[in-house]
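Chemist: Below you will find the structure I want to go over with you.
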Amino acid sequence: MAKLVVCKWYTKKVKNLLKGILYKLRSIIYTKRNIFVRTKRKLRDWSYFSMGRNSTILLQKLSYFPLSKQLTLMQVEQNSRPFVFSSFSRSSN
4 MAKLVVCKWY TKKVKNLLKG ILYKLRSIIY TKRNIFVRTK RKLRDWSYFS MGRNSTILLQ
64 KLSYFPLSKQ LTLMQVEQNS RPFVFSSFSR SSN
């Protein structure tokens, strides 16, 4: 009978220890994920302000196309700076 009580006590301790470890890991993962999401958001906001609104919409559109079509689309849609993208597309050929 005493062995049974001790065994239950140990299993409870081990279970609580495992729960604590899992909780700690989960909190670490969540904070890392939040940091990643926050930096991603900051990068998006930075690109939004640095390139202008049309460019971010353009980049969202471009994610649906393969790279070769992306470059030509960027040349067509970004009339203000065509020379940047033309030199970039030449290097890919």
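For what it's worth, our numbering labels the leading residue of the sequence shown as 4, then goes sequentially. Each residue gets a CB set at the ideal place from its N, CA and C atoms; glycine is no exception.
Closest Cβ-Cβ distance between residue 40 and chain C: below 8 angstroms?
Modeler: The structure shown contains no chain C; it holds only a single protein chain.
Chemist: What number of angstroms, rounded off, separates the C-alpha of residue 15 from the C-alpha of residue 21?
Modeler: The alpha-carbon atoms of residue 15 and residue 21 are separated by roughly 10 angstroms.
Chemist: Whose C-beta lies closer than 6 angstroms to the C-beta of residue 29 among residues of the same chain, with five residues either side of it excluded?
Modeler: None.
Chemist: Quick one: Cα of residue 34 to Cα of residue 10, how far?
Modeler: Spanning the two alpha carbons is a distance of roughly 36 angstroms.
Chemist: Determine the burial state of residue 23: buried for a count of at least 16 other Cβ atoms within 10 Å of its Cβ, exposed for fewer.
Modeler: Residue 23 comes out exposed.
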